[in-house]
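Protein chains in written order, with my numbering: chain A, 1 to 240; chain B, 1001 to 1480; chain C, 2001 to 2187. Ideal placement from N, C-alpha and C gives every residue a C-beta, glycine not left out.
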Amino acid sequence: MILLLWAPKLYALTPVYNLDEETNIYQPVADIRVTTEEGGIYLSEIYSGRPIILTLVYTRCAGVCNPLLMRLKENIELIDPKREFTILVLSFDPLDTLEDMQGMAKRFTLDEDPRWEFAVSREIDKLNRSIGFNPVRAGAKRQFDHEALLIGINRNGLITKKLIGLRNEAALGAMIVEINDVFVPSYPLPDNKRSFSCFNYDPATGKNSPGWGLLVLSLPATLTLLLVLVIGINSNHEHH
Amino acid sequence: MMERTTLARTTSIWIIAILLLFILSVVLGIIMRLSQGGVISQSPVVFYSQMTTHGFTMIGIWFVAGMVGVNYLMQRYVSAPVKSNIFALLFTIIGVVLLWVTTFVGKFHTGWTFLYPLPFKIAWAGWATPLFFVSLTILGVGWLVWSVSLLMAIFKKYSITRALAWQHFGKNPSFETPPFILITVITLIGVITCLLAAVLLIVLFFAEYFSSGTFVNDPLLMKNLTYFFGHTIANEMLYLGLATLYELFPEVSGRPKWKTTWYVALAWNCTLVFILTAFFHHMYMDFVQPESFQIVGQVASYLASLPAAVVTVFSVLTLIYRNSIRWSLTNVLYFMGVAGWVIGGLGAVIDATITNNLVLHNTLWVPAHFHTYNAMGNVLFSLAFFNWAANRFAGIGESGGANRLKIALLLVGGTGFLLMFYLGGAYSIPRRFNIYPMEFSLAASFARIAAVFAAVYLAAVLIFFWDILRKCLKLLTYSR
Amino acid sequence: MSDKHEFILVLFLLLAALVAIVFVYVYLSSGAKSSQKEDGKGLNNTQRFWFFLLLTAALFIFASFTIPKSPYYLFEKESPSRVVFVAAQQYYWALSSEAIGPGNPGAGEAIELKRGELVEFRVTSLDVNHGFGIYDESNNLIAQTQAMPGYVNRLRWKFEKPGTYKVLCLEFCGLAHAVMRASFTVR
């Protein structure tokens, strides 16, 4: 008892929640002109057909760009194929050419996939301002210091979801739902420290896959059931 | 016969302790209403420490009150446990004392919900948080042992299926499960479940507390567990009271005992299932909870109380209607308690409807309805049992005396006090405010009026206490 | 008192009075002339069963009628024209048109909404649970959602009446719970 009362220092009592993903929500994305394999096209021409998952990378990136694309490619495979979207991989490095980007598409074997578009643009600064993306040149090695960023754009050209960092398919699913204008009344903040989350909400299918937390929540009833069975079966019944 | 005497003695000690704590908690409630009414001035810390104490103590004592009644009456059917009863009495006393120390000395004030992570945002003595969880652990262990031992006692005589009266679903059952046994078993299973939820909750709190930041809980899971425990125990304690009603009401009224029929069995078995998901209605305004849970919450809230209520109300009303009844304080209290339970239940069903909850949640409507089925429902069930038991302990019949006065004070005090809560809820006045913002011009007046009516209610309780205390002491001092 | 609150209160009081009348009536019927029915049963089992079924059906109809109006489905087909970010902390509300974070603490910003526009409140907490309750000028609670740490709850609402709206805390959050407040205007 005394040991219990010996209060340890309470760490992590002011958790820092990352609220960066909340910026620019429902703001219009700059309608810039991009160049893809098929030629010049305005973003509005793309998103008015299908909502966009916009990914900003550059081909010489020695950092997060390749893992980001790899993770995105893997996660897309896990998403319900009925949902509509276009993944626009856009270079934010003015030095990148369309050929560089096409090479990148080939490396990831995404050049044949109709859902993926690789593009460059001369109006990248205008776009960056509208989405709150601030890559910073780092040193002489033509590298940028930048976030792994996915921007979800709905059919009206509004930013409806942002994902920062390498995220799982549930987060990506949430984005695909948001860009298709499906209202989900709540979402978790990016914070993977929590133990026993109740529900891994999979908005792509609109279903909750039970998390460890749900198991914890069903534990009392399960244990009671077992207890009742054990007591009941082991008791000597005096009745006839 | 020795054992029965021990049980009677233990029961009478319980009754005295419960009523003492009840009086103190009602006084705390009146002080809070006076403070909200601006009659007295208290610091927020003092106010919220009282609020925390009031909530925990009330839930605790009326839960054990139900258990005491069930344990005592159980000896009519099975060999009733005594050791675990005494064990629970000791643990309850220790737990309550420690709890009061954390709130009154340590100034711990999270409210009875202690929603994660509030207990870790220490605005009180540093030792109060761990001591609080220690006190909860002690109460939890005592009650868990007690509930399990009661269940074991029943299962020694009745098999699981018979205890749950499943044979009544078939045609011409050869064996009749007494309603008291059926309701007790259904309720005890629910009690054990919610106590286990409390154990898990406490374990998770301790895990984070001692993990130095490596283990962080999910607030959503913790909130679910909190209400799983809190809502369910508040609901089950009412059913413990009902079990004693099923046993005593016909007997005291001079009518034949109720029989378990297929629909009675079905109603209570339904209750067992639905009651475990009804707590979701506490989280309607947590939009993060999946919508399916919210809908289950609304449907289960309707169904958790409906079968039990309909069956009980029918049974009680038809037993009385145009029959000659031997009215006494005991069955009048039971009868009024059923009415209070039903009226509180109506307030609850209104609030358990999601669209209403949007404008009622955490307003005074919430304390309004749960005070109705506690102060004018469950408390009356337990007072009925206390009154019946005290008369038995003292070896006397039903006494007349101040009965009419007691009933009148209870009715007037209770109704007035509750009406102020309902009005407050309808005026959107938030609950758990130590002072009311100026905008709520009527709030302070409601609080003052409520304090007056609550004092009337308290007067009735004091008369009850005096009467019951004398009778219980007769037993306790006899042969010593 | 808003119309909705008034309706709820009147409905409750009527039902409560009905219950009280039935109980008093039954109480008064007892004793006097003694038993006409020896078994003490007013309704037989089949009648009870039908009554119960009727009550359950009524509640189910009520549920299926009210559930679609739950706040989780409010304005779900529309795209909001305004977002208000809400971050609760012991003991204040930060409301901002921009996301709240280290760069934008969100304090002191005057929020002005247009009448009839669809607003989405994105509500979270930076410490403990709080309750985001919106009160109109006549101090009626019109909508709410909980502020839970680690999650963002989205409440969509259209304000039809211009005026100053208050935000009060509707989940006990500590000693200054009652004075935790904010406001915004609708024009």
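Asked, Found
"Give the interface partners of A:T224 over in chain B, defined as CB-CB distance under 8 Å, in chain order.", "I1189, I1192, T1193, L1196"
"When the distance is taken between beta carbons, is A:N154 closer than 8 Å to A:R83?", "no"
"At what residues does the alpha helix (DSSP H) containing B:Y1077 begin and finish?", "That residue, B:Y1077, is in no alpha helix (DSSP H); it is neither H nor E in DSSP."
"Does A:R33 come out as helix, strand or coil in the three-state DSSP assignment?", "strand"
"What are the residues of the segment 1112–1133 of chain B that lie near chain C, defined by any Cβ-Cβ distance shorter than 9 Å?", "T1113, L1115, Y1116, P1117, L1118, F1120, K1121, A1123"
"Could you please give the first and the last residue of the uninterrupted alpha helix (DSSP H) stretch that includes B:A1163?", "1160–1163"
"Could you tell me the distance, in whole angstroms, from the CA atom of B:Y1373 to the CA atom of B:W1127?", "35 Å"
"Using a Cβ-Cβ cutoff of less than 6 Å, which residues in the same chain neighbour B:A1278 once the five nearest sequence positions on both sides are dropped?", "A1300, S1301, A1304"
"If you pair each beta-carbon of the segment 1309–1325 of chain B with each one of the segment 1447–1467 of chain B, do three or more pairs fall below 8 Å?", "no"
"For the segment 1394–1426 of chain B, enumerate the residues whose C-beta is nearer than 7 Å to any C-beta of chain C, in chain order.", "Y1422, A1426"
"Give the DSSP-derived three-state secondary structure of A:R71 in the structure shown.", "helix"
"Give the residues of chain C in contact with A:S247, contact being defined as C-beta atoms less than 7 Å apart.", "A query on residue 247 of chain A cannot be resolved here, the shown segment of chain A reaching from 1 to 240 and no further."
"Over the uninterrupted alpha helix (DSSP H) stretch that includes B:G1037, give me the two end residues.", "That residue, B:G1037, is in no alpha helix (DSSP H); it is neither H nor E in DSSP."
"Closer than 7 Å by beta-carbon distance: list the chain A residues that pair up with C:Y2072, in chain order.", "P185"
"Could you check where the alpha helix (DSSP H) with B:T1372 kicks off and where it finishes?", "1365–1373"
"Which residues in the same chain as A:I23 place their Cβ atom closer than 6 Å to its Cβ, once the five residues preceding and following it in sequence are excluded?", "A small correction: the amino acid at residue 23 of chain A is Thr; Ile does not occupy that position in the sequence shown. Excluding positions up to five away in sequence, the list reads G132."
"When we look at the beta-carbon of A:E178 and count the other beta-carbons within 10 Å, is it buried (16 or more) or exposed?", "buried"
"To be precise: take each residue of the segment 2117–2137 of chain C, compare its Cβ to all Cβ atoms of chain A, and keep it if any distance is under 8 Å. Which residues remain?", "E2120, R2122, T2124, L2126, D2127"
"Looking at C-alpha atoms only, which residue of B:I1449, B:F1417, B:L1462, B:L1317 is the closest neighbour of B:L1405?", "B:L1462"
"Taking a cut of 9 Å between CB atoms, which residues from the segment 1424–1447 of chain B lie near chain C?", "G1425, A1426, Y1427, S1428, I1429, P1430, R1431, R1432, F1433, N1434, I1435, Y1436, P1437, E1439, F1440, S1441"
"Nearest by alpha-carbon distance to B:L1115: which of B:T1415, B:F1229, B:T1260 is it?", "B:F1229"
"Between the alpha carbons of A:P76 and A:E169, how many angstroms are there, rounded?", "Position check: residue 76 of chain A holds Ile in this sequence, whereas Pro was assumed. Their backbone Cα atoms lie some 7 Å apart in a straight line."
"Can you grab the Cα-Cα spacing for the pair B:I1018 / B:A1443, in whole Å?", "31 Å"
"Give me, in chain order, the residues of the same chain whose beta-carbon lies closer than 8 Å to that of A:T79; leave out the 5 immediate sequence neighbours on both sides.", "The amino acid at residue 79 of chain A is misidentified as Thr; the sequence shows Ile. Closer than 8 Å at Cβ, skipping near neighbours: E169, L172, G173, I176, A204."
"With burial defined as no fewer than 16 other Cβ atoms inside 10 Å of the residue's Cβ, what is the status of B:M1222: buried or exposed?", "buried"
"Where does C:G2040 fall in DSSP's three states?", "Caution is warranted here: a pLDDT of 44 is assigned to C:G2040, below 50, making its placement in the model unreliable, and the coordinate value is therefore given only provisionally. Looking at C:G2040 - three-state DSSP - the assignment turns out to be coil, as it is neither helix nor strand."
"Using a Cβ-Cβ cut-off of less than 9 Å, give me the residues of the segment 2147–2171 of chain C that come near chain B, in sequence order.", "M2148, P2149, G2150, Y2151, V2152, N2153, R2154, L2155, K2166, L2168, C2169, L2170, E2171"
"Since B:D1286 meets chain C, which of its residues come closer than 9 Å, beta carbon to beta carbon?", "N2129, T2145, Q2146, M2148, Y2151, N2153"
"Which residues in chain B have a C-beta closer than 9 Å to the C-beta of C:Q2089? List them in chain order.", "Those do not exist, as C:Q2089 stays about 11 Å from chain B at its closest Cβ, beyond 9 Å."
"Which residues in the same chain as B:S1035 place their Cβ atom closer than 6 Å to its Cβ, once the five residues preceding and following it in sequence are excluded?", "Q1042, F1047"
"State the Cα-Cα distance for the pair B:I1396 and B:R1033, rounded to the nearest angstrom.", "39 Å"
"Using C-beta distances below 8 Å, list every residue in its chain close to B:A1309, excluding the 5 sequence neighbours before and after it, in chain order.", "W1341, V1342, G1345"
"Closest by CA to B:N1434, which one among C:S2097, C:V2186, C:C2173?", "C:C2173"
"Taking B:I1181 and B:Y1077 to be in contact with their CB atoms under 8 Å, please state how far apart those CB atoms are, rounded to whole angstroms.", "6 Å"
"Listed from N- to C-terminal order along the chain, which residues in the segment 2050–2072 of chain C have their beta-carbon within a distance smaller than 8 Å of any beta-carbon of chain A?", "P2071, Y2072"
"Does C:E2120 come out as helix, strand or coil in the three-state DSSP assignment?", "strand"
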